[in-house]
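If you read the sequence shown in my numbering, its first letter stands for residue 659, the second for the next number, and so on. Glycine is no exception: its CB is placed at the ideal position from the N, C-alpha and C atoms.
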Amino acid sequence: DAEQVLYLLYTSGTTAKPKGIVHTTGGYLTGVATTHRLVFDIKPESDVFWCCADIGWVTGHSYTVYGPLANGCTSILYEGAPDYPDKDRWWDIVERYRCTVFYTAPTAIRAAMKWGRKHPDRHDLGSLRLLGSVGEPINPRAWLWYHEVIGAERCPIVDTWWQTETGHIMITPAPGIELLPLKPGAAGLPLPGMLPGVTPTAASGSSAASTT
Numbered sequence: 659d660a661e662q663v664l665y666l667l668y669t670s671g672t673t674a675k676p677k678g679i680v681h682t683t684g685g686y687l688t689g690v691a692t693t694h695r696l697v698f699d700i701k702p703e704s705d706v707f708w709c710c711a712d713i714g715w716v717t718g719h720s721y722t723v724y725g726p727l728a729n730g731c732t733s734i735l736y737e738g739a740p741d742y743p744d745k746d747r748w749w750d751i752v753e754r755y756r757c758t759v760f761y762t763a764p765t766a767i768r769a770a771m772k773w774g775r776k777h778p779d780r781h782d783l784g785s786l787r788l789l790g791s792v793g794e795p796i797n798p799r800a801w802l803w804y805h806e807v808i809g810a811e812r813c814p815i816v817d818t819w820w821q822t823e824t825g826h827i828m829i830t831p832a833p834g835i836e837l838l839p840l841k842p843g844a845a846g847l848p849l850p851g852m853l854p855g856v857t858p859t860a861a862s863g864s865s866a867a868s869t870t
């Protein structure tokens with residue numbers, strides 16, 4: 659049954675009290691399989707995909723487990739911290755397993771910037787062909803460092819916007835459809851079928867994003 663409950667996951671609580679979100683089998687798997695393939699331009703026969711998010715959060719659920727497996731793509735999982743036993747741990751894993759698509763958060767990118775480029779520079783990151791950002795807005799300085807130091811100025815960056823509530827990416831560049839010009843710090847256009855909007859909230863007069 660496509661409407662069978664697949665899982666219940668709580669939101670992070672960054673904007674309000676955590677809420678329990680229920681995703682159903684058919685719609686969720688269709689969404690993550692499609693967005694994983696189109697956003698990251700996945701080639702299942704050759705790609706090694708790495709989403710660094712904890713699988714306890716929706717990003718790890720969708721793009722470490724469900725998306726890659728639904729598309730028959732190799733997915734890297736690791737445990738521990740990115741700075742132990744040394745601050746080059748991620749780049750060692752990229753080199754060792756010939757990772758082709760790397761998906762992480764701006765907070766992690768800024769931490770890597772603080773630690774210095776000597777750590778990624780000691781590894782061969784030539785297998786990478788595409789980079790992703792998720793979880794929060796990425797500032798232009800971090801975007802440019804990511805593009806230059808990790809991507810060697812040749813890997814496009816997909817700056818993805820979505821929510822636990824949506825279950826999959828909603829707004830982003832999508833190289834699997836067409837690679838449009840990229841702008842540091844901008845998530846780009848909505849994916850096909852998405853109609854984003856900004857509506858004022860009655861209580862405060864502030865604006866909130868919504869999708870339909």
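query: From 715, 684, 843 and 854, residue whose alpha carbon lies closest to that of residue 678; result: 715
query: Beta-carbon gap between residue 757 and residue 723 smaller than 8 Å; result: no
query: Anticipated Cβ contact below 8 Å, residue 696 with residue 728, distance rounded; result: In fact, because the Cβ distance is near 13 Å, the residues do not count as touching under 8 Å.
query: Separation of residue 814 from residue 802, as counted between CA atoms; result: 11 Å
query: Counted within 10 angstroms of its Cβ, other Cβ atoms place residue 676 as buried (16 or more) or exposed; result: exposed
query: Residue span of the beta strand (DSSP E) that contains residue 666, given as start and end; result: 663-668
query: Test item: CB-CB of residue 673 and residue 793 under 8 Å; result: no
query: Alpha-carbon spacing of residue 775 relative to residue 799, whole angstroms; result: 14 Å
query: Inter-residue Cα distance where the pair is residue 662 and residue 777; result: 46 Å
query: Contact with chain C by residue 677, beta-carbon distance below 8 Å; result: Among the chains of the structure shown, chain C does not appear; only one protein chain is present.
query: Rounded separation between residue 666 and residue 681 - CA only; result: 7 Å
query: Cβ contact check for the stretch 781-788 and the stretch 817-829: 3 or more pairs under 8 Å; result: no
query: Proximal residues to residue 768 (C-beta, below 6 Å), its chain only, five neighbours per side dropped; result: 800
query: Length of the line joining the Cα atoms of residue 669 and residue 759; result: 26 Å
query: For residue 721, three-class secondary structure by DSSP; result: helix
query: Residue 685 - containing alpha helix (DSSP H), residue span; result: 683-697
query: Residue nearest to residue 762 in terms of C-alpha spacing, selected from 712, 806 and 844; result: 712
query: Which residues DSSP lists as bridging residue 836, in chain order; result: 832
query: Contacts around residue 701, its chain only, beta-carbon distance under 6 Å, and the 5 residues preceding and following it disregarded; result: none
query: Cutoff 7 Å; reference residue 755; Cβ partners in own chain excluding five residues on either side; result: 706 and 734
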